[in-house]
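Undergrad: Sending over a structure as C-alpha cells; questions will come in a sec.
Quick look at the structure:
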C-alpha cells in the first residue's frame, strides 16, 4: 500500500515540476522522457541539498542554532561579488 502512496506523491511532484517548467519556459519543447530525466536530476539535487543542511537542522532542533544575521550575510555576499568583479 505504501508503494502506491509513494507513487502518487511522486507523480504529483513530477506533475508540479512539469507544470512549473512549462510556465517558466513555454517556448521550450522537450519529450516526456527528457522531462523525467530533468525531474530525476532535480530530485537528486534536492536530496544532496537536504543532506548538506541536515547537520545544521539537527543542531537547531537541539537548540544549538544561532539567529541568522542578514546584515552580515548581505555584506559578505556583496564583498564576494565585488571580488569576482560583479559590482
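In my numbering, the protein residues as written are 662 to 748.
The beta-carbon is built from N, C-alpha and C at its ideal position, and this holds for glycine as well.
Report yes if the CB atom of residue 678 is closer than 8 Å to the CB atom of residue 718, and no otherwise.
TA: no
Undergrad: Determine whether the beta carbon atoms of residue 700 and residue 675 lie at a separation below 8 Å.
TA: yes
Undergrad: Reducing DSSP to helix, strand and coil, say where residue 723 ends up.
TA: coil
Undergrad: I need the boundaries of the alpha helix (DSSP H) containing residue 690, first residue and last residue.
TA: Counting along the chain, residue 690 falls outside any alpha helix (DSSP H), and DSSP gives it neither H nor E.
Undergrad: Give the straight-line distance between the Cα atoms of residue 668 and residue 697, rounded to the nearest whole angstrom.
TA: 14 Å
Undergrad: Tell me the DSSP secondary structure of residue 729 in three-state form.
TA: coil
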